[in-house]
Amino acid sequence: MTETERTFVMVKPDGVQRGLISDILDRFEGRGLKVVGAKLMQMDRELAEQHYGEHEDKPFFEGLVDFITSGPVFAMVLEGQDATRQVRRMMGATDPKEAEPGTIRGDYGMDLGRNVIHGSDHEDEGANEREIDLFFDEDELVEWDKIDGSWLYE
Ligand code: IDP
Ligand code: MG
4 MTETERTFVM
14 VKPDGVQRGL
24 ISDILDRFEG
34 RGLKVVGAKL
44 MQMDRELAEQ
54 HYGEHEDKPF
64 FEGLVDFITS
74 GPVFAMVLEG
84 QDATRQVRRM
94 MGATDPKEAE
104 PGTIRGDYGM
114 DLGRNVIHGS
124 DHEDEGANER
134 EIDLFFDEDE
144 LVEWDKIDGS
154 WLYE
């Protein structure tokens, strides 16, 4: 059986400024993902550099840290079967110009450096748990039963 797991998702400052939090959350809720944590927050440079540590040698790193700290982000922890991979599929390709219409980046983005949303990478083993730990304290996450469980999963 497919494992139930938690994944980390974040509406980036461009998505927050453009008023896309509710649409993005609506897509995930409608799909059946359970919200177990959510908060609006301002990232500082230290958190940004840690979060994007894998890209520290890339030419776009400074600009990425500038951008992600330029305004509030909306951070979420979502739970469901295969959640990390399913969220990435809903987000679409990293470059919105290549993202399929119908995906979040394909519907709302035009530029690689303004791609609206972050989600843990399912190809990076344990990235979801690392990122949840980085952004959320244990007491900010809520374990709860959702009434549609048996209507959503066989
Ligand atoms: P991902 O967000 O789809 O996991 P990554 O390759 O991990 O993509 O890159 C992290 C973020 O860095 C991207 O979402 C994008 O905002 C930014 N980024 C990646 N490559 C470039 C680039 O070539 N120029 C500018 N920004 C980039
Ligand atoms: Mg990535």
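The numbering used here puts the sequence shown at residues 4 to 157. In this text, a Cβ means the ideal position worked out from N, Cα and C, and glycines have one as well. Please read these numbers as outputs of a predicted model, since none were measured by experiment.
Would you mind stating whether residue i and residue j have Cβ atoms separated by less than 7 Å?
i    : j    : result
G95  : G109 : yes
L155 : G35  : yes
P75  : Q53  : no
N131 : T72  : no
D98  : T5   : no
K42  : E82  : no
R178 : V19  : Absent from the model: residue 178. The displayed extent of the chain is 4 to 157, so no value can be given.
V14  : F77  : yes
I135 : V80  : yes
May I have the straight-line CA-CA distance separating residue i from residue j, to the nearest angstrom?
i    : j    : result
L28  : F64  : 27 Å
L115 : K100 : 8 Å
T2   : M93  : There is no way to answer for residue 2, as the model of the chain reaches only from 4 to 157.
G105 : E141 : 34 Å
G40  : V145 : 6 Å
E128 : R91  : 14 Å
R21  : I107 : 13 Å
E59  : E157 : 43 Å
D17  : K149 : 31 Å
G112 : P62  : 21 Å
E126 : E8   : 14 Å
E103 : Q89  : 15 Å
E32  : S25  : 10 Å
G56  : L50  : 10 Å
For residue i, does the three-state DSSP call read helix, strand or coil?
i    : result
G122 : strand
In chain order, which continuous runs of the alpha helix (DSSP H) of length 4 or greater are located wholly inside the region 28-93?
48-54, 64-71
For a minimum of 3 consecutive residues, which ranges assigned as the beta strand (DSSP E) are wholly contained in the region 95-148?
120-122
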